[in-house]
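Report on the structure given below.
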Amino acid sequence: MLFVVLIISFVLLILLYVLYLKYGVEYRVKVSEKEITHPPSNLPPSIVGMLMSFGSFQDDFLTATIIDLINRGYI
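All residue numbers for the sequence shown refer to the working numbering, where the first residue is 847 and numbers rise by one.
See the structure below:
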């Protein structure tokens, strides 16, 4: 009888260990070495604004584009 209890305990311990390895260990994510912390400078502010606001246009985007064109020397 003691032998059966020991076998069942051993099988349960192995089962718990396998479950821990499968579900308990956190997945390691590879981190990108190059991170972009600001938008690319060659995009006009209106396009960046449209991307940030999920496609909705605002008057501020037009104003920012005009100021950007002045800074670049086109106007």
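From the three backbone atoms N, C-alpha and C, an ideal C-beta is built for every residue, glycine too.
Cβ distance (whole Å) where residue i is taken to contact residue j below 8 Å
i	j	result
Ser-892	Leu-908	6 Å
Asp-906	Pro-890	Their Cβ separation, rounded to whole angstroms, is 13 Å, which puts Asp-906 and Pro-890 out of contact at 8 Å.
Heavy atom of the ligand FAD within 7 Å of residue i beta-carbon
i	result
Met-898	This structure does not include the ligand FAD; it has no bound ligands of any sort.
Three-state secondary structure (DSSP) of residue i
i	result
Tyr-863	helix
Ile-921	coil
Nearest neighbour of residue i, chosen from the options [CA to CA]
i	options	result
Asn-888	Glu-872, Tyr-863, Asn-917 and Ser-878	Asn-917
(request) Starting from the N-terminal side, write out each stretch of the alpha helix (DSSP H) that is 4 residues or longer and does not extend beyond the stretch 867-912. (result) Here the runs fully enclosed are 891-898.
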